[in-house]
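Read the structure below first, then the notes.
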Amino acid sequence: MTLITSNINKAIELLDNEDVVAIPTETVYGLAGNIYSDKALKKIYALKKRPSYNPLIVHIKSISDLNLVACEVPNKALKLADAFWPGPLTLILKKQPTISDIVTAGKPTVAVRIPNHPVALELLKKLDYPVAAPSANPFTSISPTTAQHVFDFFDSELKLILEGGSCSKGVESTIVGFKDDEVILYRHGSTSIEAIEKVIGKVKIFTNDDVTPDAPGMLKKHYSPKTRIIISDSIEESMKLHSSKKIGLLLFNTENVGLKVECLEILSKESNLEEAASNLYAALHRLDKCNLDLIIAEKFPNKGQGKTINDRLDRAAN
Ligand code: AMP
Ligand code: MG
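Each position in the sequence shown, counted from 1, maps to that position plus 510 in our numbering.
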């Protein structure tokens with residue numbers, strides 16, 4: 511039986527015993543394990559049914575711990591860490607030899623960030639080691655933004671879920687890496703490109719159709735509900751095309767609400783893209799429970815968090 515609790519000490523006990531627990535972060539809930547325990551790391555992959563080529567993100571408590579994990583940190587990386595940590599920006603850096611190949615999927619690099627969630631930070635400060643924590647969902651499914659989402663995915667396979675409320679950002683961290691003097695965006699996320707470019711100038715956007723890309727967050731099919739989902743520029747047209755089906759709508763704001771459908775999700779009544787991003791996965795989880803034939807999602811404005819939402823919807827629809 512899985513325990514959903516606010517008791518951090520219980521989580522520490524399990525982690526110290528090389529077990530895996532679910533933790534809240536500001537992005538999504540994660541499945542955490544000691545980065546120095548191969549047993550815990552292997553359990554993370556097994557629980558998620560995650561392929562071994564897909565590396566994990568290391569979560570540290572402070573910038574001063576960065577050198578435990580990474581070496582040869584470029585200047586631009588330090589600038590970004592200063593500007594955005596604790597926060598939803600993951601940096602891909604050269605790894606320390608002490609970092610296990612299980613964490614990095616055999617890569618010479620490691621992904622690292624400081625989460626900005628009071629429960630996650632308190633936990634990290636009480637542990638003697640950083641934790642690896644990928645999203646607490648089975649491979650390719652929708653990420654969890656509440657403890658209940660995690661519970662629904664793993665049930666008794668997981669001993670403990672640390673309660674931390676609804677995730678304030680609600681989509682994964684943005685991932686960037688460094689080549690020569692360039693900053694490369696590997697995954698859109700809850701830190702916008704615009705905000706990053708204000709700190710270090712132009713960012714290059716990585717595109718790769720490979721099955722084992724540099725950043726597996728770039729896999730074409732990812733973040734998917736079980737129900738078929740399509741993205742539409744004209745909701746009314748798409749509804750006509752699929753009029754015989756049981757349809758659910760995923761909308762940005764109240765513009766199209768007059769339409770008759772089985773299930774309706776509006777991500778931000780005020781047309782605020784950050785609010786929309788924070789509601790995206792919870793809305794997809796609910797739509798997935800509506801027994802629909804089809805989810806029609808609106809295309810979002812292509813700026814700020816709208817880019818991240820469109821990215822996730824594209825991958826969900828693939
Ligand atoms: P998540 O399961 O959402 O926490 O995703 C973790 C993601 O971090 C992976 O899917 C990769 O995209 C990315 N990642 C982790 N480590 C590396 C690395 N060394 N190089 C590139 N991407 C990485
Ligand atoms: Mg994930």
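Every residue gets a Cβ at the ideal spot worked out from N, C-alpha and C, and that includes glycine. These figures come from a predicted structure and were not determined experimentally.
- With fewer than 16 other Cβ atoms from the protein chains shown falling within 10 Å of its own Cβ, K549 counts as exposed.
- Linking P640 to A591 through their CA atoms gives a straight-line distance of about 17 Å.
- For the pair of segments examined, the segment 671-680 was found to touch the segment 640-656: the number of CB pairs separated by less than 8 Å reaches three.
- Per DSSP, the beta-bridge partners of F688 are V693.
- For L599, the closest C-alpha among the options P607, D824, A587, Y791 is that of A587.
- If you look at R825, you'll find it in the alpha helix (DSSP H) that goes 815-827.
- The beta carbon of E785 sits no closer than 7 Å to any heavy atom of ligand 2.
- Boundaries of the alpha helix (DSSP H) harbouring N789: 783-798, taken from the DSSP string.
- When the alpha-carbon of L777 is set against those of V538, G768, G816, the nearest one is in G816.
- Within the model, the alpha-carbon separation for T512 versus V660 is close to 10 Å.
- The residues L590, L599, T600, L601, I602, V693, I694, L695, Y696, I706, V713, in chain order, have a CB closer than 8 Å to that of V686 in the same chain once the five nearest residues on each side in sequence are set aside.
- The alpha-carbon of A542 is positioned some 6 Å away from that of V530.
- Relative to ligand 2, P644 has its C-beta within less than 7 Å of a heavy atom.
- T515 has its alpha-carbon roughly 7 Å from the corresponding atom of L670.
- Taking E704 as the centre and dropping the five residues before and after it, the same chain places the C-beta of K813, G814 closer than 8 Å to its C-beta, in chain order.
- Between the segment 746-757 and the segment 783-794 there are fewer than three inter-stretch CB-CB distances shorter than 8 Å, so the stretches are not counted as touching.
- Here N519 is exposed, its C-beta having fewer than 16 other C-beta atoms within 10 Å.
- Taking non-hydrogen atoms of ligand 1 into account, the C-beta of L566 is found less than 7 Å away from one of them.
- By the 16-neighbour rule on beta-carbons within 10 angstroms, D743 is exposed.
- DSSP lists A580 as the beta-bridge partner residues of K605.
- Secondary structure at E632: helix, using DSSP grouped into helix, strand and coil.
- Contact check for I739 against A630 fails: the beta carbons are separated by 8 Å or more.
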